[in-house]
Amino acid sequence: MSSVSAYYTGKTVLITGATGFMGKVLVEKLLRSSPEVKAVYILVRPKAGQSMQERVANMLKCKVSFYILF
Numbered sequence: 000m001s002s003v004s005a006y007y008t009g010k011t012v013l014i015t016g017a018t019g020f021m022g023k024v025l026v027e028k029l030l031r032s033s034p035e036v037k038a039v040y041i042l043v044r045p046k047a048g049q050s051m052q053e054r055v056a057n058m059l060k061c062k063v064s065f066y067i068l069f
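The opening position of the sequence shown corresponds to residue 0 in numbering that gives the first Met the number 0, with each subsequent residue numbered one higher.
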């Protein structure tokens, strides 16, 4: 178990900016490397004519493949 995974085991995490570039990478990395995280909450606001639900749906459709960043 990595130190990141061990740190987040059983913890609840709040991520702001999850629909932005770095936010998407952060959410993906956290979920991939810390399967034992208790809960992940993301704070999303409506923007540019899109509702919060639309922005989250678009975020979930995006395949993040920037593993080299971490």
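All residues carry an ideal CB built from backbone N, CA and C; glycine is no exception.
- Once you ignore the five residues that flank V43 on each side, which residues in its own chain have a CB closer than 7 Å to its CB? In the sequence shown, the residue the question calls residue 43 occupies position 44. A17, T18, M51, R54 and V55, listed in sequence order.
- Own chain partners of K10 with C-beta closer than 8 Å, once the 5 adjacent residues on each side are dropped: By 1-based counting over the sequence shown, the position of residue 10 is 11. Around K10: V36 and K37.
- Item | Option nearest C61 by Cα separation, candidates F20, I41, S1 and Y6 | Here residue 61 refers to the residue found at position 62 of the sequence shown. Considering only alpha carbons, the answer is F20.
- Query: Counting along the chain, where does the beta strand (DSSP E) carrying V12 start and finish?
  - Reply: The residue labelled residue 12 in the question sits at position 13 within the sequence shown. Counted as a single uninterrupted DSSP element, the beta strand (DSSP E) harbouring V12 occupies residues T11 to T15.
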